[in-house]
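J.: Residue numbers for the sequence shown follow this note's numbering, so the first one is 170 and each next one is one higher. In this text, a Cβ means the ideal position worked out from N, Cα and C, and glycines have one as well.
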Amino acid sequence: RPRYDWQLSPQLCELVPTLEQHVFGVPLNEEDRKAIVDRYPPIAGLVYSPPATLPEADRRFKPGHHHEDASLRAMQYATFAILRPLDVLAHSLLPLLHPDQVGRIFAILNDIHALILNVGSVVNKACNNLALRAVNPSFQIPASDKIFTMAPEQFKDTISLHTAMQKALKDTRPTSAH
170 RPRYDWQLSP QLCELVPTLE QHVFGVPLNE EDRKAIVDRY PPIAGLVYSP
220 PATLPEADRR FKPGHHHEDA SLRAMQYATF AILRPLDVLA HSLLPLLHPD
270 QVGRIFAILN DIHALILNVG SVVNKACNNL ALRAVNPSFQ IPASDKIFTM
320 APEQFKDTIS LHTAMQKALK DTRPTSAH
């Protein structure tokens, strides 16, 4: 992949002052975050909110599970909030760019969009694994599973499958004679 060693220009730092902030700095307070997101209208019909916790898993959550689930959902919400200004930027740039630049600029925007969606999917998989762990700490989504949201039926089927496998393994173990 190409490598570019470049320094921030004073003009770029003036136009985007957050470029000089530490990447893992202090998060925005809720009021500032909301003000930024509200500056950009959503795409009609696009849902930017994370999916709800599976009701069956929620009933089985212990207090620590609820805290972890809330943290993961907050991460999803914060991640998908990035899409609103990005989508508005794409919409605003399209009529302004010279036709020769459209492909290159929109390839970059698409890569950013794909990486944001990936973060949301990774967090969603963590939410689904948390839901499964609430039933049994050894349960998890198979590594090859590429789902974004887990249907309640799939959740129940996964629990049934794991429970049946555990029961079968337990039944095949020799019992010790006393």
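Got a sec, what are the start and stop residues for the alpha helix (DSSP H) ASN293 sits in?
T.: 268-304
J.: Between the segment 238-257 and the segment 209-219, can you find at least three pairs of beta-carbon atoms closer than 8 Å?
T.: yes
J.: Can you give me the start and stop residues for the alpha helix (DSSP H) that ALA247 sits inside?
T.: 232-250
J.: Under three-state DSSP, which class holds PRO254?
T.: helix
J.: Whole angstroms is fine: what's the gap from ALA300's alpha carbon to MET334's?
T.: If you draw a straight line from the Cα of ALA300 to the Cα of MET334, it comes to about 18 Å.
J.: For LEU184, does the three-state DSSP call read helix, strand or coil?
T.: helix
J.: Relative to the alpha-carbon of GLU189, which residue among LEU278, LEU177, HIS267 has its alpha-carbon at the smallest distance?
T.: LEU177
J.: Give the secondary structure of THR341 by DSSP, where H, G and I count as helix, E and B as strand, and everything else as coil.
T.: DSSP, reduced to helix, strand and coil, places THR341 within a helical segment of the structure shown.
J.: Please list the terminal residues of the continuous alpha helix (DSSP H) segment that includes PRO224.
T.: 224-229
J.: For THR248, does the count of other Cβ atoms within 10 angstroms reach 16, so buried, or fall short, so exposed?
T.: The residue is buried, with at least 16 neighbouring Cβ atoms inside 10 Å.
J.: What does the alpha-carbon distance come out to for the pair HIS331 and ALA303?
T.: 13 Å
J.: Let's see if you can read the secondary structure: which residues bound the alpha helix (DSSP H) around ASP207?
T.: 199-207
J.: Exposed or buried, which one is GLY289 when buried takes at least 16 other CB atoms within 10 Å?
T.: In this structure GLY289 is buried. Its beta-carbon is surrounded by 16 or more other beta-carbon atoms within 10 angstroms.
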